[in-house]
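Have a look at the structure below, then the notes.
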Amino acid sequence: MLFSPSRHEPLADSRWSDARAWRAIAAIAGSTEAGFDSRIGLWPLHAYDSEPGCDHPMRSVYLGASGIIWALDQLAADGSVDLERDYSSVAERLEPEMVVEPDESAEWPADGFLGGRCGALAVAQRHRDAADRADLLLRLMAGGIEQPALELFYGAPGMMVLAAAEHARTGDGRFADVWRASARHVLEQWRIDEQLGVRLWTQRLTPQRRDRFVGFGHGLAGNAFALLRGDLLEPDERGAVEHDAVATAKRLAVVEGDHANWPALLDVPLESSSGIRTQWCHGAPGVIIALARACPDDDAWSELLLAGGRTTWEAGPLRDRAGLCHGTAGNAYAFLALWQRTSDELWLERARSFAKHALDQVERESLPWHSLVTGDLGVALCLRSCLDADARFPALDWF
Numbered sequence: 008m009l010f011s012p013s014r015h016e017p018l019a020d021s022r023w024s025d026a027r028a029w030r031a032i033a034a035i036a037g038s039t040e041a042g043f044d045s046r047i048g049l050w051p052l053h054a055y056d057s058e059p060g061c062d063h064p065m066r067s068v069y070l071g072a073s074g075i076i077w078a079l080d081q082l083a084a085d086g087s088v089d090l091e092r093d094y095s096s097v098a099e100r101l102e103p104e105m106v107v108e109p110d111e112s113a114e115w116p117a118d119g120f121l122g123g124r125c126g127a128l129a130v131a132q133r134h135r136d137a138a139d140r141a142d143l144l145l146r147l148m149a150g151g152i153e154q155p156a157l158e159l160f161y162g163a164p165g166m167m168v169l170a171a172a173e174h175a176r177t178g179d180g181r182f183a184d185v186w187r188a189s190a191r192h193v194l195e196q197w198r199i200d201e202q203l204g205v206r207l208w209t210q211r212l213t214p215q216r217r218d219r220f221v222g223f224g225h226g227l228a229g230n231a232f233a234l235l236r237g238d239l240l241e242p243d244e245r246g247a248v249e250h251d252a253v254a255t256a257k258r259l260a261v262v263e264g265d266h267a268n269w270p271a272l273l274d275v276p277l278e279s280s281s282g283i284r285t286q287w288c289h290g291a292p293g294v295i296i297a298l299a300r301a302c303p304d305d306d307a308w309s310e311l312l313l314a315g316g317r318t319t320w321e322a323g324p325l326r327d328r329a330g331l332c333h334g335t336a337g338n339a340y341a342f343l344a345l346w347q348r349t350s351d352e353l354w355l356e357r358a359r360s361f362a363k364h365a366l367d368q369v370e371r372e373s374l375p376w377h378s379l380v381t382g383d384l385g386v387a388l389c390l391r392s393c394l395d396a397d398a399r400f401p402a403l404d405w406f
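The sequence shown begins at 8 in our numbering and counts up one residue at a time.
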């Protein structure tokens, strides 16, 4: 068994409706706007996102107001919704407030893209470009190049995703410079494991920890994705990164027949104490999303990706979780990635089935869940992606 049935639930009636998807996108955006607490200028934190020491309203891209505002902006920009409020003034004060009240406890890095100050600064820049804010963003990115976290949320790979996006948006060569400096460090830290014969990164999320993560959220797949994001690598470098990332992913895959999954951590069994992860942050869906565009002519890699897709489909939607990070909508993007790689309409149909189920999960909850990556807005963006057959993952493939 390559997934834990207890972590999943049966797929509900999966008939797709464009009209229902459009209505749901508008309803989720409306619910999000209605949930804004004008007394504090933030959205309330959902109980499932609360952790000891981190139980206040958040401001980051991952769980907080920066991500919410970014998602609303995206839906408004493409004409999906009409917003009732201008969030520019809110966006501009989020990073200064994070200096006083970080989203997470002091043991976690505070300046990263998804969980920290850099993401908030970038959202503010999209509302009003300010030279002093761009300078601060560049200083924080440069200061994070050797961050030992060495992963997407807090370390240099996340900064690279953001730097590539800012370079594409503004044409400012300083963002390309910090991307290249970060890439050099990340590549230097990608080292051969003598026993396995493939390249791996080691993450130090806190001083006490030393991990080798495999998936998109904190590990190999996410770091390779950051290196391949955009067009800042030279063609020969890009080919080498694709080759080495795919070689490592092949080596670490757990295969049973025509199904496959990946462990969350190297040297830890596929089934850990919390069960088998089959979601965006850990497991097959994230590996597929991160690396489905790599080595397009490698038939063995294509088959392994499809094997991961079969496991994700057979496992079914995540139990009681609709969002992107560890929810049903996130897994739908694995099917969109396979559709993009293969042009097989089966995978687009499966993506829409999971997106529709994620909407069912949102609608059966009594309280809205306000966040980009864990909550309802991720489902709205997934529905939008399924309408357009767009495999880009929110905030990472485009920001």
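Using N, Cα and C, we set each Cβ at its ideal position, and we do this for glycine too.
The closest CA to that of PHE406, considering only GLY60, GLU173, SER13, is found on GLU173. Beyond the five residues adjoining it in sequence on each side, PRO155 comes within less than 7 Å, by CB distance, of ARG211 in the same chain, given in chain order.
Here GLU263 carries a strand assignment [DSSP, helix/strand/coil]. The three-state secondary structure of GLU111, taken from DSSP, is coil. Remark: C-beta atoms of HIS15 and GLY323 approach each other more closely than 9 Å. Cβ-Cβ distances below 7 Å link GLY237 to ALA171, ALA175 in the same chain, with the five nearest sequence neighbours on each side left out; the list follows chain order.
Boundaries of the alpha helix (DSSP H) harbouring LEU79: 72-84, taken from the DSSP string. Shortest Cα-Cα distance from ARG217 to any of THR285, ALA233, LEU240, LEU157 involves LEU157. ASN268 is bridged by DSSP to VAL261. LEU203 carries a coil assignment under DSSP once its states are collapsed to helix, strand and coil. Taking all protein chains shown into account, THR285 has 16 or more neighbouring C-beta atoms within 10 Å of its C-beta and is therefore buried.
As computed with DSSP, SER279 is found in a beta bridge with GLY282. Taken atom to atom, the span from the alpha-carbon of GLY293 to that of TRP346 is near 15 Å. Rounded to whole angstroms, the Cβ separation of LEU273 and LEU194 is 19 Å, and the two are not in contact under 8 Å. A straight-line Cα-Cα distance of about 42 Å links LEU235 and ARG46. Cα atoms of ARG140 and ALA314: separation of roughly 45 Å, rounded to the nearest angstrom. The Cβ-Cβ distance between VAL386 and ALA362 falls below 9 Å.
Taking the Cα of LEU144 as reference, the smallest distance to any Cα among GLY162, TYR161, CYS125 is reached at CYS125. Judged by DSSP secondary structure, MET167 falls within the alpha helix (DSSP H) whose first and last residues are 163-177. For the 9 Å CB-CB criterion, LEU227 and ALA256 form a contact. Under the three-state reduction of DSSP, GLN368 is assigned to helix.
Exclusion of the five residues before and after LEU128 leaves GLU102, ARG140, LEU143, LEU144, LEU147 as the residues of its chain whose Cβ lies within less than 8 Å of its Cβ. THR177 counts as exposed, since fewer than 16 other beta carbons sit within 10 angstroms of its beta carbon.
Within the DSSP secondary-structure output, ARG198 pairs in a beta bridge with LEU207.
Counting every other CB atom within 10 Å of its CB across the protein chains shown gives ARG92 a total below 16, marking it as exposed.
The alpha-carbon separation between SER67 and ALA117 amounts to approximately 10 Å.
Rounded to whole angstroms, the Cβ separation of TYR55 and LEU121 is 18 Å, and the two are not in contact under 8 Å.
Inter-residue distance for ASP62 and HIS53 is about 9 Å (C-alpha atoms, whole angstroms).
Each of ARG258, PHE10, THR319 was checked against the Cα of THR335, and the nearest Cα belongs to THR319. Excluding sequence positions up to five before and after ASP251, its CB lies within less than 6 Å of the CB of ARG206, all in the same chain and listed in chain order.
Looking at the DSSP output, HIS15 shares a beta bridge with LEU325. With a threshold of 16 other beta carbon atoms within 10 Å, ILE75 meets it and is buried.
TRP376 and HIS192 have their C-alpha atoms roughly 37 Å apart. Looking at the DSSP output, ASP218 sits in a beta bridge with GLN210. Cβ neighbours of ALA83 within its own chain (closer than 6 Å, five residues either side excluded): LEU90. According to DSSP, LEU49 shares a beta bridge with ASP44.
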